Amino acid sequence: MPQFALLLPQRADRYTSLTEDEFMPIMKDYIGWVEDAEAKGIFIGGHKLKEEGVTVRAPAGSVEVQDLLSTEVAEILGGLMIVEAPSMDAVIELAKSHPHLVHNDVIEIRPLDEDA
Amino acid sequence: MPEFDASAVAVVDRVARQERRALIAALTRRLGADRIDLIDDVAQEALLSALTLWPYQGVPEHPGAWLRRVAWNKALDILRRQARQTDLSDDVLESLALSDFRRQDAPFDDARLEVLALCTNQSLKPLDQILLALRLVGGLTNAESAEALLMQRDAVGQRLARATRRLARDDTLVVSLPSRAVLAQQTEQWCSVIYLMFSVGYLPRHGQTALRQDLCLEALDLARALTAETSVPAGTPHALAALLSFQCARLDARLAAGDRPTLLGDQDRMRWDPQRRQDGFRYLKQARAASREPSRIHLEAAIAGCYAAAPSYEQTDWPAIVRLHEVLGRVWPNPVTKVGHAVALVEAGRAPEALALLEPLRGDRQLAVYAPFAMALAHAYRAVGQEDDARAMLTEAEAMAVSESTRQHIDALLA
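So the protein lines, in turn, are chains A and B.
Reading the first sequence from the start, the letters are residues 0 to 115 in numbering that gives the first Met the number 0.
Reading the second sequence from the start, the letters are residues 0 to 414 in numbering that gives the first Met the number 0.
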């Protein structure tokens with residue numbers, strides 16, 4: 000069965016100023032969705048990314064390392080999930096029920112490139 | 000529009016609550032009760048880590064082990080930092096890390112009871128005791144406690160922070176666990192805090208049904224655990240286990256209509272849990288055998304036993320309930336229990352006595368907002384044929400009623 004990555008971008012400061020009581024119900028929605036997907040046997044795995052990091056660039060011969068937090072990025076990748084589905088249409092349907100669309104805006108769906 | 004599987008979210012809530020309980024009990028046993036503020040902090044942080052990571056990884060197969068590992072590592076980090084500032088040596092840390100979960104001097108077999116004993120420290124105000132018990136023993140978040148006790152969330156947080164700090168840092172207080180000698184005196188106090196925990200779940204208030212049911216069952220489980228401890232004197236714990244067994248036997252029937260409790264007379268008795276009912280009678284027998292003087296909880300358990308033994312509301316042994324209430328009124332004079340007494344009197348065909356009991360209480364401040372009081376009075380008026388007075392009281396009761404089901408019940412009586 001084909002596998003797809005759900006890339007979950009978020010505003011860089013999305014969770015920084017939330018209190019615990021605001022944060023918890025959001026995370027519970029995500030956990031509920033993942034639990035549901037696991038129960039259906041279509042959840043392969045996922046990774047949360049820390050809200051920090053660096054970019055490494057090599058403009059014209061030199062190498063620049065820049066702290067992600069010091070640059071004014073509007074959006075960062077919050078994490079990714081891998082799911083299994085028969086087709087892109089099926090993943091789109093699946094993504095429509097994803098709480099990321101409620102608590103954030105966009106989900107990018109990318110098929111894993113494997114031997115067909 | 001996205002739809003979430005609400006049951007999966009409820010599972011997360013329950014896991015979080017149960018794991019917080021288990022985590023705090025395990026850490027308290029390992030690190031000692033005097034580190035309760037550290038324990039509460041790392042338990043909280045571990046749960047927060049879980050809530051951050053599980054959305055992407057799913058709930059691990061053994062969530063308890065996962066949380067214990069994370070909380071333990073956080074606790075060790077903090078202790079190591081403290082060790083550098085104080086005289087806590089690496090050896091001490093090593094021994095903490097390696098020590099068995101059950102210390103030699105632990106007064107209880109069940110670690111949750113050690114935490115309960117901590118919560119009922121006599122230097123704490125009663126409200127702080129119940130707040131601590133709800134959080135550390137019940138596993139509730141501050142928001143859940145606030146909702147259950149009709150308090151502001153911030154106020155709950157502040158009181159808890161003060162209470163844990165007080166327990167952990169004020170060395171003028173005796174914060175170590177009680178010796179076996181003082182267990183007897185404290186047993187009554189533990190029983191009343193467990194009873195309060197139960198009441199928070201049982202009374203018709205706002206709040207999620209699942210949470211309230213969970214709290215009731217945890218209170219029953221704690222009462223049962225208390226009866227199993229060889230170091231705790233028998234008697235009141237057995238009476239409490241009996242009372243809560245009877246009440247929990249009716250939990251499904253009571254909550255059959257969702258978050259609105261169904262009143263005893265309207266409950267489907269086929270839905271009462273036969274095992275818990277049977278447990279209730281067994282504990283009641285043990286409670287009677289162990290105590291010479293019946294306590295308030297003994298009497299309440301015996302009354303609950305009369306209700307549980309009846310094949311229908313009409314066939315309840317009202318004269319027996321009246322007799323038990325007469326004793327209860329002497330042991331624990333409380334206006335609220337007089338309501339149950341009066342209802343039993345009316346049902347036993349002694350309505351004029353019920354009126355004589357209730358009418359002097361009409362000015363009582365506590366009862367002025369207690370719908371069951373006005374309903375009992377109306378019931379008594381109706382039984383003696385004072386229909387106008389009965390209707391007036393029912394109208395008053397309707398204004399006081401907390402729950403929709405009570406209002407519907409009153410509407411039916413007024414029709």
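Every residue, glycine too, gets a C-beta built ideally from N, C-alpha and C.
Model, not experiment: these values are computed from the prediction.
- Under the DSSP definition of a beta bridge, threonine 54/A partners with Gln65/A.
- Residues are counted here when their Cβ sits less than 9 Å from a Cβ of chain A; for the segment 122–156 of chain B these are Thr140, Asn141, Ala142, Arg152, given in chain order.
- Ranked by Cα distance from alanine 218/B, the first of Met374/B, Ala233/B, Val231/B, Ser198/B is Ser198/B.
- Taking 8 Å as the upper bound for CB-CB distance, alanine 36/A and isoleucine 75/A are not in contact here, some 23 Å apart.
- The beta carbons of leucine 66/B and alanine 45/B sit closer together than 8 Å.
- Identification of chain B residues near glutamate 37/A by a Cβ-Cβ cut-off of 7 Å yields Gly57, ordered along the chain.
- Here isoleucine 43/A carries a strand assignment [DSSP, helix/strand/coil].
- Residues of chain A whose Cβ lies closer than 7 Å to the Cβ of threonine 51/B are, in chain order, Met26, Lys47.
- If you draw a straight line from the Cα of valine 335/B to the Cα of alanine 252/B, it is about 23 Å long.
- Val345/B is the residue among Val345/B, Asp363/B, Leu75/B, Pro371/B whose C-alpha sits nearest the C-alpha of arginine 381/B.
- When rounded, the separation of the alpha-carbon atoms in aspartate 36/B and arginine 164/B is 6 Å.
- Non-local C-beta neighbours of serine 294/B in its own chain, meaning closer than 6 Å and more than five positions away in sequence, comprise Thr235, ordered along the chain.
- Among the residues facing chain A, proline 62/B is not included, as its CB has no counterpart in that chain under 8 Å away.
- In this structure, DSSP gives glutamate 107/A an extended state, which the three-state scheme calls strand.
- Within the same chain, Leu7, Gln9 come within 6 Å of glycine 77/A by CB-CB distance, once the 5 residues on both sides are set aside.
- For the set Arg111/B, Leu131/B, Ala110/B, Asp108/B, the Cα lying nearest the Cα of threonine 119/B is the one of Leu131/B.
- Assignment of proline 332/B by DSSP, reduced to helix, strand and coil, places it in the coil class.
- In its chain, beyond the 5 residues on either side, Gln2, Ile81, Val82, Glu83 have a beta carbon closer than 7 Å to the beta carbon of isoleucine 43/A.
- In the DSSP assignment, proline 8/A forms a beta bridge with Leu76/A.
- Apart from sequence neighbours up to five positions away, the residues of its chain that approach leucine 225/B with a beta-carbon distance below 6 Å are Val231, Pro236, ordered along the chain.
- Measuring C-alpha to C-alpha distances from valine 338/B to each of Leu323/B, Gln246/B, Met374/B, His408/B identifies Met374/B as the nearest.
- In the three-state scheme derived from DSSP, where H, G and I count as helix and E and B as strand, phenylalanine 3/A is classed as strand.
- For leucine 47/B, at least one C-beta of chain A is nearer than 8 Å to its own C-beta.
- The C-beta of glycine 78/A comes closer than 8 Å to at least one C-beta of chain B.
- At a cut-off of 4 residues, the continuous stretches assigned as alpha helix (DSSP H) that sit fully inside the segment 126–157 of chain B are 141–147.
- Closest in alpha carbon position to alanine 355/B, among Asp363/B, Leu366/B, Pro371/B, Ala379/B, is Ala379/B.
- Judged by DSSP in its simplified three-state form, glutamate 83/A adopts strand.
- Comparing C-alpha distances from leucine 48/A to each of Leu79/A, Asp104/A, Glu34/A shows the shortest one belongs to Leu79/A.
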